[in-house]
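Numbering (the working numbering), first residue to last: 259 to 368.
Laid out in structure tokens, this is it:
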């Protein structure tokens, strides 16, 4: 599942994910972009949609000339899951953490 996060951050998944990342000020170098080889399995769709809904909820440490993304704000994530009526929040949380790890691996390499 971390491939989903890397695809999201690298813009390699359908739906202009690179544009979604740019909304929150994340610019991904083309050298980190991935091919469109990442598949979204049906059992991961809900987690991926929730991850996308939290696209503006990153914890970021701003430094001189760069920013380090620490991860999604989990209180916001919990709120999104509650608003969406997610039944198995523990399972979705673990899936989202895998997606987040893949995204962080790309975002923080810029």
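Ideal Cβ positions, reconstructed from N, Cα and C, are used throughout, including at glycine.
Query, Result
"Please report the Cβ distance between residue 319 and residue 313, rounded to the nearest whole angstrom; I am assuming they are in contact, meaning their Cβ atoms lie under 8 Å.", "With 8 Å as the limit, residue 319 and residue 313 do not qualify as a contact, their Cβ atoms being about 18 Å apart."
"Using three-state DSSP, classify residue 320 as helix, strand or coil.", "strand"
"Assign residue 350 to one of two classes, buried (16 or more other C-beta atoms within 10 Å of its C-beta) or exposed (fewer than that).", "buried"
"Where does the unbroken alpha helix (DSSP H) through residue 302 begin, and where does it stop?", "Neither: residue 302 is in no alpha helix (DSSP H) and is coded neither H nor E."
"Just tell me which of 362, 301 and 366 has its CA closest to the CA of residue 323.", "366"
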